[in-house]
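Once you know that position 64 of the sequence shown is 781 in the numbering used here, the rest is easy, because the numbers rise by one and skip nothing.
Structure, as structure tokens:
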Amino acid sequence: MRWRVALSFSILACLLMASSAHAQFYEEEKFSLNGYFQAQYGMFTNTAYHNETDKQGFPSDHGDMAGMPSIARHTLLLEGDWRPTESIRLHVVFRGVRSAELRADRFAQVLDIVADTKYNYDPDVEQAKISAVQDRYYNEQDFRELYLDINPHPRVNLRLGRQQVSWGDMGNLRLLDVINPVDSNWHLAPFESFEDTRVPLYLAKLLVDIPEVQGSIELVYVPLLDDPEDTVNAPLTAVGAWGLPLASQNDYVSDLRIRNKIINYPGQDLKDFRWGGRWKGVLGGLTYTLVAYHGHQLSPPVPDYVIKEGTPDPDGYTPADVYLRVPRLDVFGFSLDYAFESPIGAVVKFEAAVEPNRQYGVNSFLSAGFSPDNRDTNPWTILDPTAAPGQSPLKADLHYEERHTLNYALEIFRANQWRFINNTSSTITVFRLMQNFYFNPDDINDNKFKLGNPYVREIFADGSSALNENWHIVYAPGYDTTIPANMDTILVWAMFTSYFHGAFTPGVTAIYKPRHVLMIEDASDVFDWEAFEEGSGFVATSFKFAFGNHWRPEVGFNYIFGQDPYYDLGLYRDRDEVYAKVKYQF
């Protein structure tokens, strides 16, 4: 990290010195420098927030009381371009961020701070978590982008360096956008632009246009030169204000006290490198893409094993470390984009992605109601046979299940002339439907285990098997026990327009996630409306202003709803906020 920070400031200094020569180069367009400063503030508004815990000691709500800050973020972004020749361009983007501490992070699941069985309300521990989140996840001084564009031929572009590569058109839904990880720890991801939350990577990208067949091919190669933790999505469980809460104990009781959640990130070995390709073509009025990518499962990490000490601590808990890994993942997909002039006058987009054998964690190899430390048949392995009895660390492997996963999304984009809303400009409406579901590749043709079965099988000694409805798929004990639905649906509706020649742009975005509570028995039940109940979502309203060429203020209100505080967007139900954002661009 230090070498990257030092390099960032070195190039920043070079850019600032070069800016003094801006006027000299301006006529020839050899050098340009621009950027912005942005101040962003938010405040929680939910008066129904309860600073209470359930019977197991876990908070019933996860944000903070009305009037407490939800975000206090200050950003300086500088973007420079240098074109020494017509075929070579150097592009640099530096971003520095300073954020205030948020009290809502007092329950953050910082990876190397103890995750107690019940919440620890020790003020020193709370402050340690608040400070760790601010330092590791909020504050930043780094290159967003640093790459060299080389155009040896009008049809060929080679881009080398730290960059963002976007292969999808569905924004935060991220169906085909599988190259760059995402860091949305500092705010709920849909509330920010995808450009700001995406994490650039050092990679090589080759783009070749083939106009004879109305297409182009794009190849990427990612050698993972970045810091290992930057090559996967920042774990949402690590932050309290906008991250996932530590879920209550589901179906197991543990005497483990998890001290560290250690993620074994992909390394810089050849076996860990990533690569892929995209073909983009045009057939008449239809634009289409074909995508294949050999990468990693960016989120969530899969639990691998637990190591615990041989003897309990004075409180009766056994200190333990949970180790997680980032498995390989192949993604294959396509997209379609077509503009219908009549009768609807809309742009329709469709994207789909298949992820064979995606890995999902389960709590352990053990039957329901138990954790690795209290099963009759001991699954623990002694790591040091030479140690005194009861003193050797013990290891237990954690289990995972593979599921074929299918994701698809449909978007309709339309400009409407609604005079009662706006007499002078179009009103843009957007509708999206996205669904993803998984199924067990071993059970596709099994009459007993149907498509979408949300439970794993328990295999008995005689070879028979049965459903264990309490053996849920979870991510890791003591890390995140959120149970993923066997099918998810996301409905998005947005509308915005502009007045006074773009000086005022109001907009509203609504997202709804139905809660699928029924087990899907066959594909015909995918759209069974009985499965849509107890949903969650949010409504985000924004009012953007433009004053001259420089000032871009914005205010808004984000309302989040959901009955279950441990399911989907209900995780954020107590984090309604009002916000103000002021950007000065130059």
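Every residue gets a Cβ at the ideal spot worked out from N, C-alpha and C, and that includes glycine.
From a predicted model like this one, the values you see are computed outputs, not experimental measurements.
Residue range of the unbroken beta strand (DSSP E) whose run includes residue i
i: F1274; result: 1268 to 1279
i: T762; result: No beta strand (DSSP E) holds T762; DSSP gives it neither H nor E.
i: Y1125; result: 1117 to 1133
i: L1076; result: This sequence places Gln at residue 1076; Leu is not what is there. First-last of the beta strand (DSSP E) with Q1076: 1063 to 1078.
i: D1047; result: 1045 to 1057
i: K1112; result: 1111 to 1114
i: Y1040; result: 1035 to 1042
i: L1208; result: 1204 to 1213
i: E769; result: Unbroken run through E769: none, as it is neither H nor E.
Extent of the continuous alpha helix (DSSP H) run through residue i
i: F911; result: 911 to 914
C-alpha gap between residue i and residue j, whole angstroms
i: L795; j: S787; result: 26 Å
i: V949; j: T1122; result: 19 Å
i: F990; j: T1141; result: 52 Å
i: S933; j: T1006; result: 10 Å
i: E1119; j: R800; result: 48 Å
i: Y854; j: Q826; result: 12 Å
i: H1011; j: I1228; result: 31 Å
i: E1128; j: M887; result: 8 Å
i: V895; j: A1104; result: 46 Å
i: K1300; j: W1268; result: 6 Å
i: A845; j: V1064; result: 50 Å
i: G1062; j: R976; result: 57 Å
i: V1071; j: Y838; result: 44 Å
i: T1198; j: Q1152; result: The predicted position of T1198 is uncertain, since its pLDDT is 44 and thus under 50; a value taken from the coordinates is nonetheless stated next. Those two C-alpha atoms are separated by around 22 Å.
i: A1113; j: G1033; result: 20 Å
i: I927; j: F908; result: 38 Å
i: V882; j: P940; result: 15 Å
i: I979; j: D829; result: 8 Å
i: T1222; j: R879; result: 33 Å
i: G759; j: Q1302; result: 21 Å
i: G1027; j: G1107; result: 5 Å
i: H808; j: W884; result: 20 Å
i: P1029; j: L973; result: 9 Å
i: S1059; j: L890; result: 28 Å
i: S1052; j: Y1296; result: 35 Å
i: Y1284; j: P1102; result: 43 Å
i: D947; j: V850; result: 16 Å
i: Y1276; j: R1131; result: 25 Å
i: F1213; j: D1038; result: 49 Å
i: R719; j: F1255; result: Confidence at R719 is low in this model, with a pLDDT of 43, below 50, so the placement of that residue should be treated as unreliable; the coordinate-derived value is given next. Distance between the alpha carbons of R719 and F1255: 39 Å.
i: P1096; j: Y753; result: 56 Å
Contact check, residue i vs residue j, beta carbons under 8 Å
i: V916; j: P945; result: no
i: P869; j: S910; result: no
i: P1036; j: H1013; result: no
i: D859; j: R812; result: yes
i: L1150; j: K1230; result: no
i: D1291; j: N874; result: no
i: D798; j: S848; result: no
i: A1009; j: F1067; result: no
i: D822; j: V956; result: yes
i: G1002; j: A1056; result: yes
i: L1100; j: H779; result: no
i: W903; j: S816; result: yes
i: R872; j: V930; result: no
i: Y1117; j: Y1155; result: no
i: N768; j: M785; result: no
i: P1282; j: S901; result: no
Cβ-Cβ separation, residue j to residue i (assumed contact under 8 Å), whole Å
i: D943; j: L918; result: 6 Å
i: E857; j: V814; result: 4 Å
i: N1124; j: L865; result: Between L865 and N1124 the Cβ distance is about 34 Å, and since that is not below 8 Å, they are no contact.
i: L1000; j: D1021; result: Actually they do not touch by this definition, with Cβ atoms about 45 Å apart.
i: K1298; j: Q755; result: 7 Å
i: A1257; j: G1273; result: 7 Å
i: R1075; j: L1046; result: 6 Å
i: I1024; j: P1110; result: 5 Å
i: W992; j: V937; result: 6 Å
i: F1148; j: V1225; result: At roughly 13 Å, the Cβ-Cβ gap does not stay under 8 Å, so F1148 and V1225 are not in contact.
i: A1211; j: A1263; result: So it is not a contact: roughly 19 Å between Cβ atoms.
i: E1294; j: F761; result: 6 Å
i: N1139; j: Y1216; result: 7 Å
Minimum Cβ-Cβ distance from residue i to chain D less than 8 Å
i: Y1229; result: The structure shown contains no chain D; it is built from a single protein chain.
Residue i Cβ short of 7 Å to the ligand HEM heavy atom set
i: Y1289; result: As far as ligands go, the structure on display features none, and thus does not contain the ligand HEM.
| beta strand (DSSP E) segments (min. 3 residues) lying fully within the segment 782 to 842 | 786 to 802, 805 to 816
| message | In chain order, what are the residue ranges of uninterrupted alpha helix (DSSP H) at least 4 long that sit wholly in the segment 923 to 1007? | response | none
| message | At 3 residues or longer, what runs of the beta strand (DSSP E) sit wholly inside the segment 871 to 906? | response | 873 to 880
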